[in-house]
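Residue numbers (the working numbering): 3 to 107.
Even glycine gets a Cβ: it sits at the ideal position worked out from N, Cα and C.
Computed from a predicted structure; not experimentally measured.
Everything on this sheet refers to the single structure shown next.
Written as structure tokens, this is what we have:
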């Protein structure tokens, strides 16, 4: 949301509330009289990342978000870093950190 200020202290409580509501909804069986059949299915999580350069403060930054197969947030990270030479380098650092954050490296 560009141009909209969101108080950082409200982000975690709102995210926790949304996750709790989601878990409560998912834990309710669709048909309690029907036996559950164990079935494994492969589900993908999506990892998005971005890198940026902040010339005015002589720094760079990265942002990472992880969503499950239904689009619900699992985890997020943003971090200020040292100054880098180019936007490409900032993106590369973000990609590297995203792989580590997602447990792939």
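- A check of alpha carbon separations from residue 86 across 57, 10, 65 and 43 identifies 57 as the nearest.
- By the CB criterion at 9 Å, residue 47 and residue 65 fall outside the cutoff.
- Cβ-Cβ distances below 6 Å link residue 67 to 50 and 78 in the same chain, with the five nearest sequence neighbours on each side left out; the list follows chain order.
- For residue 22, the enclosing alpha helix (DSSP H) begins and ends at 10-28.
- Following the DSSP letters along the chain, one finds residue 99 inside the alpha helix (DSSP H) bounded by residues 89-103.
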